[in-house]
Amino acid sequence: MVERRTCEDERHHAPLAEILEALGGEFQELGRFTEQFQTSLSPALLRVANDPDCHRNVQTLDLLSQRLSALSKYVLTIGRLLPDDWRVNSQTALHHITLSDLAYRLQGAPVPEELEMQSGELELF
Numbered sequence: 118m119v120e121r122r123t124c125e126d127e128r129h130h131a132p133l134a135e136i137l138e139a140l141g142g143e144f145q146e147l148g149r150f151t152e153q154f155q156t157s158l159s160p161a162l163l164r165v166a167n168d169p170d171c172h173r174n175v176q177t178l179d180l181l182s183q184r185l186s187a188l189s190k191y192v193l194t195i196g197r198l199l200p201d202d203w204r205v206n207s208q209t210a211l212h213h214i215t216l217s218d219l220a221y222r223l224q225g226a227p228v229p230e231e232l233e234m235q236s237g238e239l240e241l242f
């Protein structure tokens, strides 16, 4: 779905390079999470390596890690190449981010302490 452009308040505009840097940083962190996940699961993965379905899932996890790393490098490199004066209003896009701590980080704002504590809590589904 494409959002329509409207007359935007300049106060909400941020440098596009900063937005891409925050996005690239998120990809980078997700890549690290995936690598840590692989490392912690590796003993269990060795036991199920003979199961073709599990083997495919392990390969998919590795591919996910590689793709996140590549996307991070791509977005961060593009962000560094942009002119400093390119600005964009990302508020509409941020309204689609349902994780509050992620929305704060993408805005370049410090995450309030109470949200940091909540995001670290274990939630069972």
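The working numbering puts the sequence shown at residues 118 to 242. Ideal Cβ positions, reconstructed from N, Cα and C, are used throughout, including at glycine. Values in this document were obtained by computation on a predicted structure and should not be read as measured data.
Legend entry - Own chain residues within Cβ distance below 6 angstroms of I136, not counting five before or after: S207
Legend entry - Within the segment 196 to 227, ranges of the alpha helix (DSSP H) (whole runs, at least 4 residues): 208 to 211, 217 to 224
Legend entry - Cβ-based neighbour list, S189, same chain, cut-off 7 angstroms, excluding 5 preceding and 5 following: G141, F144, Q145, G148
Inset, instruction - Would you kindly work out how many angstroms separate the C-alpha atoms of L211 and A220, rounded to a whole number? - result: 6 angstroms
Inset, instruction - State yes or no: is the C-beta of V205 nearer than 6 angstroms to some heavy atom of the ligand GTP? - result: Here there are no bound small molecules, and the ligand GTP is not part of this structure.
Inset, instruction - Look at L178 and Q155 and say whether their C-beta atoms are less than 7 angstroms apart. - result: yes
Inset, instruction - Less than 8 angstroms between the CB atoms is what I'm expecting for A131 and R222, so what's the real figure, rounded? - result: About 13 angstroms; that fails the 8 angstroms criterion.
Inset, instruction - Return the chain-ordered list of same chain residues with a C-beta closer than 7 angstroms to the C-beta of G196, the five sequence neighbours on each side being excluded. - result: A134, L137, E138, G141
Inset, instruction - Would you kindly work out how many angstroms separate the C-alpha atoms of L163 and E152, rounded to a whole number? - result: 16 angstroms
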